[in-house]
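Structure record follows, encoded as structure tokens.
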Amino acid sequence: MAIKTAIKRNTYFDSVSLMSVTGRANAVAGVDQAMIGMGTAMNKEVLQNVGMLTPEAAEAQSGDLMIVVRSASDEIAEQALVEIDELFKQKGGNESGRKMNYATIESAVAHVPGANLAIIAVAGEFASREARRALESGLHVMMFSDNVSIEDEVALKTLAHDKGLLMMGPDCGTAYIGGVGLCFANAVRAGNIGIVGASGTGSQEVAARIHDFGGGITQIIGTGGRDLNEKVGGIMMIDGINALARDPATEVIVLVSKPPAKSVQDKVLAAAASCGKPVVACLLGGSEEAVTKAGLQFGKTTKEAALKAVIRAGRKEEEINKRALNLPLIAETRAKLKPEQRYIRALLCGGTLCEEMMLIAKESYDNVYSNIAKDPARKLKDVSTSIEHTFIDFGDDDFTRGRPHPMIDPSQRLARLVQEARDPSVGVIVLDFILGYGAHEDPAGVMIPALVEAKQIAATDGRHLEILGYVLGTDLDSQSLAEQTAKLSEVGVTIASSCTNAGLLARGFVSKEI
0 MAIKTAIKRN TYFDSVSLMS VTGRANAVAG VDQAMIGMGT AMNKEVLQNV GMLTPEAAEA
60 QSGDLMIVVR SASDEIAEQA LVEIDELFKQ KGGNESGRKM NYATIESAVA HVPGANLAII
120 AVAGEFASRE ARRALESGLH VMMFSDNVSI EDEVALKTLA HDKGLLMMGP DCGTAYIGGV
180 GLCFANAVRA GNIGIVGASG TGSQEVAARI HDFGGGITQI IGTGGRDLNE KVGGIMMIDG
240 INALARDPAT EVIVLVSKPP AKSVQDKVLA AAASCGKPVV ACLLGGSEEA VTKAGLQFGK
300 TTKEAALKAV IRAGRKEEEI NKRALNLPLI AETRAKLKPE QRYIRALLCG GTLCEEMMLI
360 AKESYDNVYS NIAKDPARKL KDVSTSIEHT FIDFGDDDFT RGRPHPMIDP SQRLARLVQE
420 ARDPSVGVIV LDFILGYGAH EDPAGVMIPA LVEAKQIAAT DGRHLEILGY VLGTDLDSQS
480 LAEQTAKLSE VGVTIASSCT NAGLLARGFV SKEI
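Numbering (numbering that gives the first Met the number 0), first residue to last: 0 to 513.
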């Protein structure tokens, strides 16, 4: 095994670009693993942990770009570096062959009149400084960066609030502003429903279901995952509600999050109740009583929230294809599984998709484990080993430190899929495939070899293995929703029509109750 390193001195790429290029680099012929990142201490630690920290990488400075490749031979690794370098050249070009780069936010503002939003995707140690500069320049901010202190988050959001600006993030992965998807987002129909979400994939899922039910979106305003923490106090969620309340195109508002702290929940629901527009609140695992008491509509699941929003926005319920659960399929699949095949293994890219499917499973089973479980007794002690019903969020920090998000780089899920297929107690493996801006160009296709291998492992062992797939996307996404689902169906993957239905089907497949 050979490891080769290329260092590009004083060459900066933001984390969104690096994730995209890394995903494509790992698909280069002969590459066992490619690690691409700035020369920060954290990235060097990641390289050290996976045995890829070369002397050249160890000496890199935080402003240097590191490209480290592991291959079968020196020759293959050298050729891979050449091909990866071409990926960066493609990334830097545009249709006119000319790209403007600005050294500071202030210079960009001076040369791009009319710009009103900055996306911050730099290392966390620099993100707060750049966000403050953007806000002080009168720009709304979407901060993709994470590893920002909660004190800095509060200070930035307070500054933005005082200046009448949006401060989306830190760790905000999804927004849809003025018809443009930012970072990870799906292509959706324009309409009259706005979303404020403390969850990226949760917002994507609600938006995709709204589109599927015939509705459309005005804006998606992300808040970042900590906004509803008691220390932050829901500043961005409330500002987002108020922004949509002022937007004449938005007639219905949907809130998407995990349950807030009690004091924050009261403030957010009060703001929603007084905004002057119908609000549907999808607080996964939260209190229906608190929502309805505030005079809002409660969405227990993302699908239910989308359906209620579309109906409230003017669609006739009888004209909506609600994608009813396929009950005969549940009975048919149960009959194929052996008595010992009792467990669900969900290997997911979307954190909220994982949370929702896990909540559905917990309604029937107590032995549900996850790397994102709140209950310490149900949190996996070793994320590499599943226990009974296990739901893995591959987008969590456990799996993404120094690596691209699994929506871009599927390598860790590929290995885990084959691992789970070898377990004779597994009845169903659940996978999500996320389409849209920023996601892998062929998320289904890249998984096909591992899907076939998993099925063959079970068949050789005399077992039926049910693989359940959910494709989060719309018919407008560039990856083609129809083509992605067809690829999966061709290799025997059962397709669910929503995250909610995927959770219900998985739970039903392994139920031993008749």
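A virtual CB, placed ideally from N, CA and C, is assigned to each residue, including glycine. Note that the structure is a prediction, hence the values are computed from the model and not measured.
Outcome for residue i when other beta-carbon atoms lying within 10 angstroms are tallied against a minimum of 16
i: Glu288; result: exposed
i: Gln60; result: exposed
i: Asn100; result: exposed
i: Val187; result: buried
i: Arg506; result: buried
i: Val367; result: buried
i: Gly502; result: buried
i: Val68; result: buried
i: Ser106; result: exposed
i: Leu516; result: Since the first residue shown for the chain is 0 and the last is 513, residue 516 is missing from the structure and cannot be characterised.
i: Gly163; result: exposed
i: Glu538; result: With the chain covering 0 to 513 only, the question about residue 538 has no answer from this structure.
i: Gln296; result: buried
i: Asn93; result: Bear in mind that the predicted position of Asn93 carries a pLDDT of just 43, short of 50, making it unreliable; the figure below should be weighed with that in mind. Answer is exposed; the Cβ neighbour count stays below 16.
i: Val290; result: buried
i: His110; result: exposed
i: Gly113; result: exposed
Residues of its chain near residue i, where Cβ-Cβ distance is below 7 Å and the 5 sequence neighbours each way are ignored
i: Gly22; result: Pro403, Ile407, Asp408 and His439
i: Ile447; result: Lys486 and Val490
i: Asp145; result: Gly123, Pro169 and Asp170
i: Ile176; result: Leu116 and Gln218
i: Val554; result: For residue 554 there is no data in the structure shown, the boundaries of the chain being 0 and 513.
i: Glu387; result: Tyr342, Asn366 and Tyr368
i: Arg322; result: Ser496, Ser497 and Asn500
i: Arg8; result: Asp63
i: Lys337; result: Arg462
Beta carbon of residue i nearer than 8 Å to that of residue j
i: Ser72; j: Ala28; result: no
i: Arg341; j: Val492; result: no
i: Thr10; j: Leu52; result: no
i: Leu346; j: Ile466; result: no
i: Gly223; j: Asp170; result: yes
i: Met166; j: Val195; result: no
i: Thr173; j: Ala189; result: no
i: Lys43; j: Ala57; result: yes
i: Ile66; j: Ile35; result: yes
i: Arg377; j: Thr301; result: no
i: Glu317; j: Cys498; result: no
i: Ser198; j: Leu155; result: no
i: Leu86; j: Val20; result: yes
i: Gln411; j: Phe398; result: yes
i: Gly468; j: Leu504; result: no
i: Glu129; j: Ile104; result: yes
i: Asp392; j: Ile371; result: yes
i: Ala312; j: Gly214; result: yes
i: Gly461; j: Gly394; result: no
i: Leu158; j: Arg131; result: yes
Own chain, CB closer than 8 Å to residue i, minus 5 neighbours either side, in chain order
i: Thr249; result: Asn191, Ile192, Gly193, Thr217, Gln218, Leu243 and Lys276
i: Glu419; result: Arg344, Leu346, Ser385, Val425, Ile428 and Ala453
i: Val417; result: Ala449, Glu452, Ala453 and Ile456
i: Lys335; result: His463 and Glu465
i: Val267; result: Leu227, Gly233, Met236, Ile237, Ile240, Leu254 and Pro259
i: Glu339; result: Pro423 and Ser424
i: Ile528; result: Residue 528 falls outside the range modelled here, since the chain spans only 0 to 513, and no answer is possible.
i: Lys361; result: Val367
i: Arg314; result: Phe212, Gly213 and Gly214
Cβ-Cβ separation, residue j to residue i (assumed contact under 8 Å), whole Å
i: Leu526; j: Asn115; result: As displayed, the chain neither begins before 0 nor continues past 513, which places residue 526 out of reach and without an answer.
i: Ala293; j: Ala308; result: Actually they do not touch by this definition, with Cβ atoms about 16 Å apart.
i: Cys281; j: Gly437; result: That pair is no contact at about 23 Å.
i: Gly435; j: Gln203; result: 7 Å
i: Ile83; j: Ala33; result: 7 Å
Close Cβ partners of residue i (< 6 Å) along its chain, the five nearest in sequence each way excluded
i: Ser95; result: Because Ser95 sits at a pLDDT of 42, beneath the cut-off of 50, its placement in the model cannot be relied upon, and the following sentence gives the value as read from the coordinates. So the list is empty, once near-sequence residues are dropped.
i: Ala443; result: Phe432, Gln483, Lys486 and Leu487
i: Ser363; result: Arg506
i: Gly201; result: Val255 and Thr351
i: Ile252; result: Gly193, Leu243, Lys276 and Val278
i: Pro258; result: Leu282, Gly284 and Gly285
i: Asp31; result: Arg69 and Ser70
Segments assigned alpha helix (DSSP H), at least 4 residues, entirely inside the stretch 341 to 401: Complete alpha helix (DSSP H) runs here, min 4: 350 to 361 and 396 to 399.
Whole runs of the beta strand (DSSP E) within the stretch 429 to 505, excluding any shorter than 3 residues: The stretch 429 to 505 contains these whole beta strand (DSSP E) runs: 465 to 471 and 493 to 495.
Contiguous beta strand (DSSP E) assignments of at least 3 residues, all confined to the stretch 41 to 91: For the stretch 41 to 91, whole beta strand (DSSP E) runs of length 3 or above, ordered along the chain, are 64 to 70.
Any alpha helix (DSSP H) of 4 or more consecutive residues that is wholly inside the stretch 84 to 163: Runs of the alpha helix (DSSP H) lying entirely within the stretch 84 to 163, each at least 4 residues long, are 104 to 110, 123 to 135 and 149 to 162 in chain order.
Length at least 4, wholly inside the stretch 286 to 341: the alpha helix (DSSP H) runs in chain order: Here the runs fully enclosed are 287 to 292, 301 to 311 and 326 to 335.
Complete alpha helix (DSSP H) runs within the stretch 198 to 227 (minimum length 4 residues, chain order): The stretch 198 to 227 contains these whole alpha helix (DSSP H) runs: 199 to 211.
Whole runs of the alpha helix (DSSP H) within the stretch 215 to 284, excluding any shorter than 4 residues: Counting only runs of 4 or more residues that sit fully inside the stretch 215 to 284, the alpha helix (DSSP H) segments are 234 to 245 and 261 to 272, in chain order.
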